[in-house]
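Under my numbering, the first residue of the sequence shown is numbered 179, with each subsequent residue one higher.
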Amino acid sequence: MTTNRGLYIHIPFCSIKCAYCDFYSVAIDTDLVERYAKEQKKELSLVLSRYPQAVIDTIYIGGGTPSVLPISILEGIVGHIHKCASVNIREFTIEINPCSSDNLAYYKSLGVNRVSIGVQTLNPQILKIIGRSHTPGQALDALERAAGIYPNVSADLMLGLPGQNVEDVGCALNKVMPFVNHISQYMLKLSDDTPMGRAVNGGSIALPDDDASADMYDAGYSIMRQNGYARYEISNFCKDKNYSLHNLKYWNREDYIGIGASAHSFIEGVRYENPSDLTSYLGGNHLGNGKANSIILSKGDALFEYIMLKLRLEDGFSIDEINGLFGIDFLARYDMEIKSLCGILEVSGGRVKMKKDKMLLESYAARRFLPD
179 MTTNRGLYIH IPFCSIKCAY CDFYSVAIDT DLVERYAKEQ KKELSLVLSR
229 YPQAVIDTIY IGGGTPSVLP ISILEGIVGH IHKCASVNIR EFTIEINPCS
279 SDNLAYYKSL GVNRVSIGVQ TLNPQILKII GRSHTPGQAL DALERAAGIY
329 PNVSADLMLG LPGQNVEDVG CALNKVMPFV NHISQYMLKL SDDTPMGRAV
379 NGGSIALPDD DASADMYDAG YSIMRQNGYA RYEISNFCKD KNYSLHNLKY
429 WNREDYIGIG ASAHSFIEGV RYENPSDLTS YLGGNHLGNG KANSIILSKG
479 DALFEYIMLK LRLEDGFSID EINGLFGIDF LARYDMEIKS LCGILEVSGG
529 RVKMKKDKML LESYAARRFL PD
């Protein structure tokens with residue numbers, strides 16, 4: 179029996195590390211890139227050979243900054259995917275940095291049908307503060323060129339940035355929307371172990387407070403809704419149901435394989451994590467060799483994870499589905515929790531979901547379902 183699986187390829191290389199970023203990435207180096215691509219192909223071969231019935235239906239190349247890679251390297255990785263796996267692509271996404279978008283048109287020849295461009299903001303002063311190397315003009319140019327090539331173009335925008343306000347959010351959206359059918363609008367999540375995190379803790383950079391950030395979110399949501407974008411996940415909005423099919427696998431707890439340093443996988447109910455260390459990865463410590471960290475969730479933890487992820491979605495989850503998957507009576511088991519959340523949780527039509535104006539409280543709601 180064939181099973182559809184997503185495939186995530188992590189490219190950890192960046193030309194410049196953004197001040198807020200805590201994703202695993204390293205400076206680009208020609209020798210390292212070639213060695214890394216060789217190890218990724220090895221990992222791909224080993225992992226996919228264990229799942230011969232898997233059909234790869236979504237591919238997502240993320241990072242880092244995948245667009246800094248030479249075309250020949252990307253070509254080799256994509257060719258190896260087709261060599262090792264049964265492929266029936268519904269969606270093939272690559273992340274693009276506006277400063278490294280010269281090869282934008284070429285990705286289409288690799289089978290890419292969706293690009294995600296990291297805009298973050300169009301305020302030039304804020305771009306400098308957060309360490310982004312592109313200008314507003316470069317971002318808009320990349321979006322315009324992408325819109326002329328690809329059927330699906332997504333823009334990433336951030337909220338809660340230093341000095342940002344509601345007007346910045348509206349300005350960025352109004353300039354970005356003509357070129358995209360998908361927008362990710364997400365809150366800044368800042369780790370203490372980043373340059374910006376240290377600057378904030380040291381008092382040299384101030385962030386908007388939670389209320390101001392929520393106002394930005396609400397303003398952005400209102401503008402997008404007025405322009406035909408539907409929210410389908412807390413931070414994701416699209417026109418004409420052009421969802422991110424690959425990312426939906428994460429929120430729906432569907433199987434996906436992650437290849438590369440720091441990549442995560444979810445296969446047949448088990449989570450795997452490759453090391454966030456390039457030297458370790460190049461030494462063969464990865465899923466392909468059975469050396470990824472594995473996490474087998476208890477039934478209670480899996481149930482909580484299901485609720486937590488599904489509440490991020492606009493339509494929440496089906497009561498019949500959760501009862502069938504976990505052998506429970508959800509309404510009876512969580513009667514007290516549901517009553518305590520009556521102001522933010524909606525239970526109707528056989529589904530459980532966040533109330534439309536309470537989506538930002540999803541984490542608070544989900545925590546009420548933590549296992550004992």
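Even glycine gets a Cβ: it sits at the ideal position worked out from N, Cα and C. Quantities reported herein were computed from a predicted structural model and do not represent experimental measurements.
message: For a quick check, are the C-beta atoms of S413 and Y364 less than 9 Å apart?
response: Within the sequence shown, residue 413 is the residue found at index 235, counting from 1. Within the sequence shown, residue 364 is the residue found at index 186, counting from 1. Taking 9 Å as the cut-off, the Cβ atoms of S413 and Y364 count as close.
- request: Could you tell me how far apart the beta carbons of G528 and I497 are, in whole angstroms, since I believe they sit closer than 8 Å?
  value: Within the sequence shown, residue 528 is the residue found at index 350, counting from 1. Within the sequence shown, residue 497 is the residue found at index 319, counting from 1. Going by Cβ atoms, the distance from G528 to I497 rounds to 5 Å, so yes, they are a contact pair.
task: Pull up the distance between the alpha-carbon of S278 and that of H258, whole angstroms please.
output: Residue 278 sits at position 100 when you count from the first residue of the sequence shown. Residue 258 sits at position 80 when you count from the first residue of the sequence shown. Their Cα atoms are separated by approximately 24 Å.
query: In whole angstroms, what separates the C-alpha of I251 from that of Y285?
result: Locating residue 251 in the sequence shown gives position 73, counting from the first residue. Locating residue 285 in the sequence shown gives position 107, counting from the first residue. CA-CA distance, I251 to Y285, rounds to 12 Å.
- prompt: Just checking my contact of Q303 with G341 at CB under 8 Å: how many whole Å lie between their CB atoms?
  reply: Mapped onto the sequence shown, residue 303 falls at position 125. Mapped onto the sequence shown, residue 341 falls at position 163. About 7 Å separates the Cβ atoms of Q303 and G341, confirming a contact at the 8 Å cut-off.
- prompt: Going by the beta-carbon positions, is the gap between H188 and G241 smaller than 9 Å?
  reply: Taking the first residue of the sequence shown as position 1, residue 188 is located at position 10. Taking the first residue of the sequence shown as position 1, residue 241 is located at position 63. Yes. Within cutoff.
message: For L539 and I522, which I take to be in contact (beta-carbon distance under 8 Å), what is that distance rounded to the nearest angstrom?
response: On the sequence shown, residue 539 is found 361 positions in, with the first residue counted as 1. On the sequence shown, residue 522 is found 344 positions in, with the first residue counted as 1. Indeed, because the Cβ distance is near 5 Å, the residues count as touching under 8 Å.
message: Do D455 and F444 have their beta-carbon atoms positioned less than 9 Å apart in this structure?
response: Start at 1 with the first residue of the sequence shown, and residue 444 comes out as number 266. Start at 1 with the first residue of the sequence shown, and residue 455 comes out as number 277. Taking 9 Å as the cut-off, the Cβ atoms of F444 and D455 do not count as close.
message: For N467 and T271, what's the separation of their Cα atoms in angstroms?
response: Residue 467 sits at position 289 when you count from the first residue of the sequence shown. Residue 271 sits at position 93 when you count from the first residue of the sequence shown. Cα-Cα distance, rounded: 27 Å.
query: What is the residue span of the beta strand (DSSP E) that R268 lies within?
result: For this step, residue 268 is matched to residue 90 along the sequence shown. R268 -> beta strand (DSSP E) spans S264 to I274.
message: Give me, in chain order, the residues of the same chain whose beta-carbon lies closer than 6 Å to that of G377; leave out the 5 immediate sequence neighbours on both sides.
response: Here residue 377 is taken as the residue at index 199 of the sequence shown, counted from 1. Residue 377 is actually Ala in this sequence, not Gly. So the list reads I383, once near-sequence residues are dropped.
query: Would DSSP call L491 helix, strand or coil?
result: What you label residue 491 is simply residue 313 of the sequence shown in a count that begins at 1. Reduced to three states, the DSSP call for L491 is strand.
query: CB-CB under 7 Å to R409, same chain, minus the five flanking residues each way: which ones, in chain order?
result: On the sequence shown, residue 409 is found 231 positions in, with the first residue counted as 1. Cβ neighbours of R409 beyond the five flanking positions: Y399, F415 and E492.
task: Tell me whether A205 sits in a helix, a strand or coil according to DSSP, three-state version.
output: On the sequence shown, position 27 is the one that residue 205 refers to. If DSSP states are grouped into helix, strand and coil, A205 belongs with the strands.
query: Going by DSSP, what residues sit across from E524 in a beta bridge?
result: Sequence index remark: in the sequence shown, residue 524 carries index 346 (1-based). Partner residues in the beta bridge of E524, as assigned by DSSP, are K531.
- request: Indicate the three-state DSSP secondary structure (helix, strand or coil) for I237 in the structure shown.
  value: To locate residue 237, count along the sequence shown from 1; it is residue 59. Judged by DSSP in its simplified three-state form, I237 adopts strand.
query: By the 10 Å Cβ neighbour count, where 16 or more other Cβ atoms means buried, how is Q231 classified, buried or exposed?
result: For the purposes of this step, residue 231 is taken as the residue at position 53 of the sequence shown. Looking at its Cβ environment, which holds fewer than 16 other Cβ atoms inside 10 Å, Q231 is exposed.
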